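Asks:
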Amino acid sequence: MSSSLFQSFACRGLTLPNRFVMAPMTRSFSPDGVPGENVAEYYERRAANHVGLIITEGTVNDRPGSANDANYPLFHGEAALKGWQNVVEKVHGKGGKIAPQLWHVGMVRKPGTGHNPDAQSDSPSGVTHTGKAVMDPPSDEEVADMVSSYARSAKSAKELGFDAIEIHGAHGYLIDQFFWDVMNKREGKYGGDLLERAEFAGDVIRECRKAVGEDMPIILRWSQWKQQDYSARLADTPQKMEAFLNVFKDAGVDMLHCSQRRFWEPEFEGSDLNLAGWAKKLTGLATISVGSVGLNGDFFGAFAGQGSEAASLDKLFEMMDRGDFDLIAVGRALLQDPEWVTKVKEGRMDELKDYDGKALATLY
Ligand SMILES: Cc1cc2nc3c(=O)[nH]c(=O)nc-3n(C[C@H](O)[C@H](O)[C@H](O)COP(=O)(O)O)c2cc1C
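Using this note's numbering, read the sequence shown as starting at 182 and increasing by one per residue.
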């Protein structure tokens with residue numbers, strides 16, 4: 182059993198009792214975008230069971246086309262923010278810490294979907310992942326408002342008493358669409374090479390920092406893979422990754438949440454460091470790793486109802502003890518079992534269950 186997983190961790194004004202993070206997981210249980218009592222109690226159960234930091238499901242900002250499902254929680258408007266206030270109070274009531282994941286789906290949205298079916302979708306340049314131009318590129322004012330929409334969410338997070346924020350820059354959603362040359366064909370600001378494209382998120386981080394002040398940690402989630410192309414890579418050498426991630430470090434980010442499907446897989450040849458391991462080594466920033474913790478199959482099949490078998494945590498203990506990364510996020514295992522961290526803490530490994538593909542239907 183790894184003792185390092187149960188050591189405390191501090192960053193800016195935040196101290197966590199251990200290294201376990203609940204991974205952000207969209208649950209679509211917020212009709213009309215309002216998280217209700219059932220959602221608050223779902224997070225409260227994790228807070229009561231030793232999860233060090235809860236990162237909420239993606240919660241969408243106030244750009245009209247930010248979502249592609251009206252059951253995703255909003256992060257604006259009186260009713261939704263009141264719902265989030267209740268979530269924060271419930272989690273804090275159990276001594277937990279919580280960060281909202283600030284989200285905009287960009288061109289993943291199909292026209293006619295989400296909370297505002299008539300709204301236009303946002304994108305870097307109106308070009309899809311197949312290279313097809315399907316709408317006009319946004320104006321500079323529209324792009325500036327996309328940046329500010331994250332900061333408006335960040336301001337609300339601060340006002341509601343959240344403990345940190347996570348900016349969703351991964352998985353082929355809006356920010357990642359700016360990173361990716363396939364979908365970002367912009368000329369001028371935020372177009373060009375990888376570092377110029379990264380500046381969109383750089384400005385999001387800078388505006389969010391102004392909104393939350395100096396004592397609130399800002400986390401950026403990023404991934405090489407895109408839902409539109411699992412084999413895509415933004416940075417295929419450590420040198421490129423270092424330059425890319427330093428854009429966010431210079432902008433004032435505190436932690437990098439490095440999303441991969443299987444945490445034990447090395448990122449570059451010649452080293453067994455994973456994505457979060459390299460990000461930490463190259464930037465000196467704190468990093469969060471993730472991917473199939475406690476399970477033997479990755480999460481891509483989860484949306485199609487696929488299950489996964491429980492697996493040993495020995496490799497996680499080894500990498501954590503070695504100090505490869507600072508925190509570890511757990512997705513499906515915690516989605517299904519609110520007591521998962523308690524069981525690990527108490528060494529009740531034989532009680533860690535297989536992941537049931539039907540778990541998505543219930544807020545356990
Ligand atoms: C049902 C479900 C919803 C998810 N929603 C989000 C999300 O809103 N934001 C995000 O960044 N990742 C999302 N993910 C990815 C998870 O955060 C995590 O990276 C992934 O599940 C791998 O962790 P796991 O193997 O422990 O499940 C989701 C995953 C699942 C299974």
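Where is the CB? At the ideal position from N, CA and C, for every residue including glycine. Quick caveat: nothing in here was measured; it's all calculated off a predicted structure.
Count the other C-beta atoms from every protein chain shown that fall within 10 angstroms of the C-beta of Q358, then say buried if there are 16 or more, exposed otherwise.
Replies: That one is buried.
Asks: Report yes if the C-beta distance between P318 and D303 is below 8 Å; otherwise report no.
Replies: No, these two residues do not count as a Cβ contact at 8 Å.
Asks: Whole alpha helix (DSSP H) runs in the region 468-528 with 4 or more residues, listed along the chain?
Replies: Fully enclosed alpha helix (DSSP H) runs of 4 or longer: 495-503, 513-517, 521-526.
Asks: Just to confirm, are V220 and L544 a CB contact at a threshold of 8 Å?
Replies: For V220 and L544, yes; Cβs fall inside 8 Å.
Asks: Quick check for students: name the residue ranges of the alpha helix (DSSP H) that lie wholly in the region 402-482, counting only runs of 4 or more.
Replies: Counting whole runs of 4 or more residues, the region 402-482 contains the alpha helix (DSSP H) stretches 419-432, 456-464.
Asks: Quick check on the DSSP output: the alpha helix (DSSP H) that includes F359 runs from which residue to which?
Replies: 355-360 is the span of the alpha helix (DSSP H), which, as asked, contains F359.
Asks: Between D299, G239, P254, G276, which lies nearest to G246 when the distance is taken from Cα to Cα?
Replies: Taking only the C-alpha atoms, the option nearest G246 is D299.
Asks: Below 7 Å, is the gap between the Cβ of F201 and the nearest heavy atom of ligand 1?
Replies: No - ligand 1 has no heavy atom lying nearer than 7 Å to the Cβ of F201.
Asks: So if DSSP puts C389 in a beta bridge, which residue, or which two residues, is it bridged to?
Replies: For C389, which the question treats as bridged, DSSP gives no partner whatsoever.
Asks: Below 7 Å, is the gap between the Cβ of M206 and the nearest heavy atom of ligand 1?
Replies: Answer for M206: yes, Cβ within range of ligand 1.
Asks: Mapping the DSSP letters down to three states, classify Q266 as helix, strand or coil.
Replies: DSSP places Q266 in helix when its eight states are reduced to three.
Asks: Taking all protein chains shown into account, decide if N267 is buried (16 or more other Cβ within 10 angstroms of its Cβ) or exposed.
Replies: It counts as buried.
Asks: Whose C-beta lies closer than 6 Å to the C-beta of I356 among residues of the same chain, with five residues either side of it excluded?
Replies: Only G350, A382 meet the Cβ criterion.
Asks: Excluding the 5 residues preceding and the 5 following Q282 in the sequence, name in chain order all residues of the same chain whose CB lies nearer than 6 Å to its CB.
Replies: So the list reads P205, I236, T237, G239, E347, H349, once near-sequence residues are dropped.
Asks: Are there 16 or more other CB atoms within 10 angstroms of the CB of Y411, so buried, or fewer, so exposed?
Replies: Flag for Y411 reads exposed.
Asks: Roughly how many angstroms separate the alpha carbons of G504 and E322, rounded to a whole number?
Replies: When rounded, the distance between both Cα atoms is 43 Å.
Asks: Since Y413 and W406 are thought to touch, with beta carbons under 8 Å apart, how far apart are those beta carbons, to the nearest angstrom?
Replies: Per the sequence shown, residue 413 should be read as Ala rather than Tyr. Yes, they are in contact, since the Cβ atoms of A413 and W406 sit about 6 Å apart, within 8 Å.
Asks: To which residues does DSSP link F190 through a beta bridge?
Replies: In DSSP, F190 forms a bridge with L197.
Asks: Can you have a look at N297 and say buried or exposed, based on whether 16 or more other CB atoms are within 10 angstroms of its CB?
Replies: Counting Cβ neighbours within 10 Å, N297 comes out exposed, since fewer than 16 surround it.
Asks: According to DSSP, is V215 helix, strand or coil?
Replies: Of the three classes helix, strand and coil, the one that applies to V215 here is coil, per DSSP.
Asks: State buried or exposed for M530, treating a residue as buried only when at least 16 other CB atoms are found within 10 Å of its CB.
Replies: It is exposed - the Cβ of M530 has fewer than 16 other Cβ atoms within 10 Å.
Asks: Within this structure, are the beta carbons of A392 and K336 separated by less than 8 Å?
Replies: Yes; because the gap between Cβ atoms is below 8 Å, this pair is in contact.
Asks: What does DSSP give as the partner residue(s) for V202 in the beta ladder?
Replies: Answer is L234, A510, bridged to V202.
Asks: State the Cα-Cα distance for the pair L376 and R387, rounded to the nearest angstrom.
Replies: Approximately 16 Å, taken between the alpha carbons.
Asks: Per the DSSP calculation, Y536 is bridged to which residue(s)?
Replies: DSSP, once it has assigned bridges, lists S489 as partnering Y536.
Asks: I509 and S470 look like a contact to me (Cβ under 8 Å); what is the Cβ gap, rounded to whole Å?
Replies: Confirmed, about 5 Å.
Asks: Report yes if the C-beta distance between S452 and R402 is below 8 Å; otherwise report no.
Replies: Cβ distance not < 8 Å, so S452 and R402 don't count as in contact.
Asks: Flag D299 as yes when its Cβ comes closer than 7 Å to any non-hydrogen atom of ligand 1, and as no otherwise.
Replies: No; taking the cut-off as 7 Å, the Cβ of D299 has no heavy atom of ligand 1 nearer than that.
Asks: Hey, quick one: how far does the beta strand (DSSP E) through L283 stretch, first residue to last?
Replies: Run containing L283: 279-284, per the beta strand (DSSP E) assignment.
Asks: Hey, would you say S404 sits closer than 8 Å to H352, going by beta carbons?
Replies: Yes, these two residues count as a Cβ contact at 8 Å.
Asks: Would you check if the distance between the CB atom of W459 and the CB atom of P419 is smaller than 8 Å?
Replies: For W459 and P419, yes; Cβs fall inside 8 Å.
Asks: Going by Cα to Cα distance, which pick from M500, G528, G274, L476 is closest to G538?
Replies: Considering only alpha carbons, the answer is L476.
Asks: Check the C-beta distance from E450 over to L456 and give it rounded, since I have them as a contact under 8 Å.
Replies: About 14 Å separates the two Cβ atoms, so there is no contact after all.
Asks: Let's test the definition: count the other Cβ atoms within 10 Å of the Cβ of D518 and tell me whether it reaches 16, buried, or not, exposed.
Replies: With 16 or more Cβ atoms within 10 Å of its Cβ, D518 is classed as buried.
Asks: Of the choices G258, L466, E225, I279, whose alpha-carbon is the least far from that of D344?
Replies: It is I279.
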